[in-house]
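Residue numbers (this note's numbering), protein chains in the order written: chain A, 1 to 110; chain B, 1 to 113. Glycine included, C-beta positions come from ideal geometry on N, C-alpha and C. Below: one structure, written as structure tokens.
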Amino acid sequence: QKEVEQDPGPLSVPEGAIVSLNCTYSNSAFQYFMWYRQYSRKGPELLMYTYSSGNKEDGRFTAQVDKSSKYISLFIRDSQPSDSATYLCAMVAAGNKLTFGGGTRVLVKP
Amino acid sequence: GAGVSQTPSNKVTEKGKYVELRCDPISGHTALYWYRQSLGQGPEFLIYFQGTGAADDSGLPNDRFFAVRPEGSVSTLKIQRTERGDSAVYLCASSLQANTEAFFGQGTRLTVV
């Protein structure tokens, strides 16, 4: 079983809808959590970085961490066709490497 | 530079040849990571440098793969006797220090024919 699980999708939503993404993990040592957006044939782009349980908001993006349940989420409000991409969660145990989920492909239809 | 730079962006090589992939991290970033990504998959960890030393090389698949970062800045990933299964996108990332935000380059697409 992988350390970080992420539904591969695709997740298809109409423009303007809320996109809800999540990852579960098994390693309780993970302390830092990131979400990346990756367009086809491009490198991952950092969207959000959090290190504590709770919510963090940045523009249309909200990251949520629940360490007790080993579950993280990313919400995208007012989704746009330009949000169509693969979204990757990543997490770090102190002083260690980033461990990624497999990514969720998102399609926002106009 | 403004971001992580990887060269070349594309590399086609013949099976059995040697290749070098270069990563220029963001200036001042002490942590540097190499990942490999196959189509439809998440990035797979290869090696992590803290300064000049490899802090974790547990992801290198075999002894054909080697990476260096001699001055704590630029890093080179070296692959000997390439195989068709090595074909993938090789991604490099850097962060100011361990546990802080990591920023990726655009990757090098390696194709072994």
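Look at the beta carbons and you see the region 98 to 108 of chain A not touching the region 53 to 67 of chain B: under three pairs across the two are nearer than 8 Å. Spatial neighbours of Met48 of chain A in its own chain (CB-CB distance under 7 Å, excluding positions within 5 residues in sequence) are listed in chain order as Met34, Trp35, Lys56, Asp58, Phe61, Ala63, Leu74. Among the residues facing chain A, Asp56 of chain B is included, as its CB has a counterpart in that chain under 7 Å away. Residues of chain A with a Cβ closer than 8 Å to the Cβ of Gln80 of chain B do not exist; the shortest Cβ-Cβ separation is about 23 Å. For Arg37 of chain A, the enclosing beta strand (DSSP E) has its first and last residue at 30 to 38. Chain-order list of chain A residues neighbouring Leu91 of chain B: Gly43, Pro44, by C-beta distance under 8 Å. Listed in chain order, the non-local C-beta contacts of Phe65 of chain B below 6 Å within the same chain comprise Ile79, local neighbours out to five positions each way being set aside. Listed along the chain, the chain B residues whose CB falls inside 8 Å of the CB of Leu74 of chain A amount to none; the nearest CB is some 15 Å away. What Asn96 of chain A touches in chain B, judged by beta-carbon distance under 7 Å, is Asp56, going in chain order. Against chain B, a Cβ distance below 7 Å from Tyr32 of chain A picks out Asn99.
Proximity to Ser27 of chain B across B:Val112, B:Gln50, B:Ser95, B:Thr108 peaks at B:Ser95, based on C-alpha coordinates. With respect to the C-alpha of Ile72 of chain A, the residue from A:Tyr51, A:Asp83, A:Val13, A:Ala85 having the closest C-alpha is A:Tyr51. By the criterion of a C-beta distance shorter than 6 Å, Phe49 of chain B is surrounded in its chain by Leu32, Arg69, once the five residues flanking it on both sides are discounted. Listed along chain B are Gly42, each with a C-beta nearer than 7 Å to that of Leu88 of chain A.
Nearest to Arg109 of chain B by alpha-carbon distance, out of B:Gly3, B:Glu14, B:Leu21, B:Lys15, is B:Leu21.
In terms of CA proximity to Leu91 of chain B, B:Gly42 leads the group B:Tyr18, B:Gly42, B:Gly16, B:Asn62. Residues of chain A whose Cβ lies closer than 8 Å to the Cβ of Gly53 of chain B do not exist, since the nearest Cβ in that chain is about 13 Å away. In the structure shown, Gly40 of chain B adopts coil according to DSSP, grouped into three states.
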